[in-house]
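Numbering follows the numbering used here, with no gaps: position 109 of the sequence shown is 346.
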Amino acid sequence: MNVHSILRGARRAIAARLAGRSFAWDAARPVSRLPDWNPAPAAPNSPWTSPAVLRARAQHEFANNAVARRAVESLTNACWGGDGVTALFLDRAVQRAWDRWTAVCDAGGRLDWVALGRLLLETVIVAGEAFVVLQVDEAAPGVPLRLQILGPEHLDESRTDGSTLAGIRYEGARSVGYWLFPRNPALAGAVDSVYVPAERCLHVYRPLAPGAMRGVSWLAPVLIALRELDEYLQTALTRAKVGALFSGFVRTPDGSNPLAQNGAVPALEPGVMVRLQPGEDIEFSEPPDAGAHFDPFVRAQLRRIAAGLGIPYELLSGDLSAVTFASGRHGLLEFRRTVEAVQYALLVPMFCQPVVERWAALAAAAGVLPADADATVRRWVAPEVEMLDRRAEVLTDLLRVRAGFTSRSEVVGRTGWRAEDIDREIADDNARADALGLTLDSDPRKTTQQGQPTPAAEAEQ
Numbered sequence: 238m239n240v241h242s243i244l245r246g247a248r249r250a251i252a253a254r255l256a257g258r259s260f261a262w263d264a265a266r267p268v269s270r271l272p273d274w275n276p277a278p279a280a281p282n283s284p285w286t287s288p289a290v291l292r293a294r295a296q297h298e299f300a301n302n303a304v305a306r307r308a309v310e311s312l313t314n315a316c317w318g319g320d321g322v323t324a325l326f327l328d329r330a331v332q333r334a335w336d337r338w339t340a341v342c343d344a345g346g347r348l349d350w351v352a353l354g355r356l357l358l359e360t361v362i363v364a365g366e367a368f369v370v371l372q373v374d375e376a377a378p379g380v381p382l383r384l385q386i387l388g389p390e391h392l393d394e395s396r397t398d399g400s401t402l403a404g405i406r407y408e409g410a411r412s413v414g415y416w417l418f419p420r421n422p423a424l425a426g427a428v429d430s431v432y433v434p435a436e437r438c439l440h441v442y443r444p445l446a447p448g449a450m451r452g453v454s455w456l457a458p459v460l461i462a463l464r465e466l467d468e469y470l471q472t473a474l475t476r477a478k479v480g481a482l483f484s485g486f487v488r489t490p491d492g493s494n495p496l497a498q499n500g501a502v503p504a505l506e507p508g509v510m511v512r513l514q515p516g517e518d519i520e521f522s523e524p525p526d527a528g529a530h531f532d533p534f535v536r537a538q539l540r541r542i543a544a545g546l547g548i549p550y551e552l553l554s555g556d557l558s559a560v561t562f563a564s565g566r567h568g569l570l571e572f573r574r575t576v577e578a579v580q581y582a583l584l585v586p587m588f589c590q591p592v593v594e595r596w597a598a599l600a601a602a603a604g605v606l607p608a609d610a611d612a613t614v615r616r617w618v619a620p621e622v623e624m625l626d627r628r629a630e631v632l633t634d635l636l637r638v639r640a641g642f643t644s645r646s647e648v649v650g651r652t653g654w655r656a657e658d659i660d661r662e663i664a665d666d667n668a669r670a671d672a673l674g675l676t677l678d679s680d681p682r683k684t685t686q687q688g689q690p691t692p693a694a695e696a697e698q
């Protein structure tokens, strides 16, 4: 008996002993049909997680894969939208100063607050993280704060010493600074990295584990599925194109190839027909079609991708054929919770609120705001996921206000407006209508919900 036989026998004995052992969790039991399911434990900040490879693949799919692009845009539209996450301040003077600054907050001078936020969120979704450098431009009018969005490729991961790991300097469990490249290191003539203290740089990411100091692409759970589905669709398209050629092939009785004469080269072209000689017959190519399982398979893969990203299938695919009012409403309710978690558990605490605090300090130092100005944010207003039945939502808000469960200010605030501004516009509209002698159905002073004159309006007549 040689050494290899002894080792094989020992392995079989150990496997038999493990198979008979009682495990507290079935998922921890050795599974014969999954022999490769033995993942190695890795720390959340370990280099073995290959963040650069994952990031490059995610960016490639976002740039080239239509489904990946749609998924990222759906999340960005729902979480940030076309109005962004806006701050409503207690002090109206502070509100006016903030509104002026958000129009010129980009360090590059091209984007406003809404466009910068969209760029930031798209970068976080695709690359897993982003950096916001809080620059102070003393030559800028008004509040000198300007924002610069940088992707994770700007982090100099070669910087490592006793207190710095992969470009991030730590004091205990807290990050205190970042080594960043001012320009993308992939560009020619890139300069050395510079140290930016954490007070002047925001690191925005969604931690997936306790102690995680780096972000991971949100596409990671579905990245392979996205890639393989795209390859499958391209293969099906190529198969369909070949089938559409519908070319004929000539077979002679003696087996000779007339196309080989005089350097003739056969070409597959739609509708090509070859004149047959006596005794010759023709066979048509019959490439396999996609089959009856094509649509169900693609829909199943899209549902899998949508589930991995927390997006309703119909939003990802645009397929509304199987959506009912009830199923669509339930899907949007769950999606609304996902969106609110991104807005109020990620964007507000890691980006919006720190920017407001830095802006308020610089605004007071620059004399834009008085020293005693109250820069407290009364409410952060983010885009809402609208339900299928908007009328029912409005009636629900009306009942909640009338029952005292909420206020008009809260309902109006969810739309991004201040109740004071709405009241002022309503008063202006009413005054103009009265001056012109107009009685509108939208004026509750003169018209009931049933379209009848109110007692006050009848008394005036």
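Note that beta-carbon positions come from the ideal geometry of N, C-alpha and C, so glycine has one too.
Alpha carbon to alpha carbon, how far is residue j from residue i? Give it in angstroms, no decimals.
i	j	result
residue 679	residue 643	23 angstroms
residue 362	residue 605	35 angstroms
residue 406	residue 432	9 angstroms
residue 346	residue 418	20 angstroms
residue 456	residue 353	21 angstroms
residue 574	residue 627	18 angstroms
residue 454	residue 659	41 angstroms
residue 578	residue 378	36 angstroms
residue 609	residue 616	20 angstroms
residue 211	residue 544	Past the boundaries of the shown model lies residue 211; the chain is included only from 238 to 698, so the question cannot be answered.
residue 599	residue 349	19 angstroms
residue 675	residue 662	17 angstroms
residue 430	residue 437	15 angstroms
residue 582	residue 441	11 angstroms
residue 652	residue 339	18 angstroms
residue 594	residue 580	18 angstroms
residue 448	residue 478	51 angstroms
residue 677	residue 669	12 angstroms
residue 650	residue 641	16 angstroms
residue 428	residue 329	44 angstroms
residue 335	residue 303	37 angstroms
residue 576	residue 636	25 angstroms
residue 667	residue 333	25 angstroms
residue 655	residue 375	32 angstroms
residue 401	residue 435	13 angstroms
residue 420	residue 290	20 angstroms
Are the CB atoms of residue j and residue i within a distance shorter than 8 angstroms?
i	j	result
residue 325	residue 614	yes
residue 370	residue 382	no
residue 591	residue 439	yes
residue 386	residue 367	yes
residue 460	residue 538	no
residue 612	residue 413	no
residue 355	residue 416	no
residue 572	residue 622	yes
residue 380	residue 596	yes
residue 403	residue 390	no
residue 388	residue 360	yes
residue 307	residue 553	yes
residue 638	residue 648	yes
residue 562	residue 473	no
residue 584	residue 322	yes
residue 364	residue 476	no
residue 312	residue 344	no
residue 586	residue 569	no
residue 288	residue 451	yes
What first and last residue would you give for the alpha helix (DSSP H) that runs through residue i?
i	result
residue 391	Per DSSP, residue 391 belongs to no alpha helix (DSSP H) and is neither H nor E.
residue 299	288 to 301
residue 662	656 to 673
residue 623	Where residue 623 is concerned, there is no enclosing alpha helix (DSSP H), given that its DSSP letter is neither H nor E.
residue 360	350 to 364
residue 596	590 to 602
Per DSSP, what are the beta-bridge partners of residue i in this structure?
i	result
residue 438	370
residue 405	402, 415
residue 431	417
residue 343	384
residue 643	DSSP lists no partner for residue 643.
residue 267	Answer is none; residue 267 lacks a bridge partner.
residue 690	684
Mind checking which residues open and close the beta strand (DSSP E) that includes residue i?
i	result
residue 412	411 to 417
residue 618	614 to 618
Open item on the list: At 3 residues or longer, what runs of the beta strand (DSSP E) sit wholly inside the region 524 to 586?
Closed with: Runs found: none.
TODO: Report the residue ranges of all beta strand (DSSP E) runs contained in full by the region 303 to 328; include only those spanning at least 3 residues, in chain order.
DONE: Within the region 303 to 328, the runs of beta strand (DSSP E) that reach at least 3 residues and sit entirely inside it are, in chain order, 323 to 326.
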